[in-house]
Every structure is written in C-alpha cells, then in structure tokens.
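Its first residue numbered 0, the sequence shown is counted upward by one per residue in numbering that gives the first Met the number 0.
Quick reminder that beta carbons are idealized off the backbone N, C-alpha and C, glycines included.
I have placed the structure first, in the form of structure tokens, so that the comments after it can refer back to it.
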Amino acid sequence: MLEAARSEGDALIVGINRDSSARRLAKGPDRPVVPEDERTRLVAALAAVDCVVLFAEDTPLALIRALKPDVLVKGADYAAEAIVGAKEVEAWGGRVVRVPLVQGKSTTELLDRLRGGRGA
C-alpha cells in the first residue's frame, strides 16, 4: 500500500496514531501491539516513505490541514465519503486516492489467526 501511495506524489508523509489515540479507537485492550516508537522507526525505514509524523488525535484531520497535501491516500477499505480530510484536500485543489489493500496483511487479521491457533 505504501508503494502505491508513494507513486501518487513527489513525497510520502505517513501519519501514525500515537499509542494513546490507538487505544481510544477501541481496537481492543491489547492494541497497539507494537509501540509507537517502534512503529515509527519501522515505517520510516521503508524506501517508499519520506517522513513519518505521529499524531495524538483520534483522526488525522489536524495533521492534514497543517500539511495541506496535494494527494491524500487511504486504503480502499474506506468508503470515499468516510475519508477524514477528503473534503479539505479537494477544496484546496488536491485529490483523494483509494488504493487496494494487500489481503492478509493487517494487524487485526494476524491477531485473529494467532488467537485462533492458526499459523501465519
């Protein structure tokens, strides 16, 4: 997904929820599985990624407004009307792109497999 996002613009800035906001998003008491500092380092080490920014809010709207990206990329699992910041990006002439997800590559799916005793 990040490679697809990178191909849409000149630079890829990835916003990552801080641990505190990830916990508030009700994905479960065992989330996030990987602490924010490790997630940040892992994502920043990827060749497709130019910059990583942590945000503490429940949504990246304030970050999107501050960065004013030309392109906002989200996974295709989001309905177009549910993409936070889409209206703002389009209002300043940017575009919103939904990219396909890679099946079987989500933390939720991995945790479900591990809890069910099935190997990855």
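Checklist line | beta strand (DSSP E) runs contained entirely in the region 20-50, provided each spans 3 or more residues | finding: none
Item checked: C-alpha distance - residue 95 paired with residue 29, whole-angstrom precision -> 32 Å
Check: What three-state label does DSSP hand residue 114 in the structure shown?
Finding: helix
Check: Which residue's Cα is closest to the Cα of residue 60: 38, 69, 88 and 49?
Finding: 88
Check: How would you label residue 115, buried or exposed, when you count the other beta carbons within 10 angstroms and need 16 or more for buried?
Finding: exposed
Checklist line | Beta-carbon proximity list for residue 91, same chain, < 7 Å, skipping 5 on both sides | finding: 67
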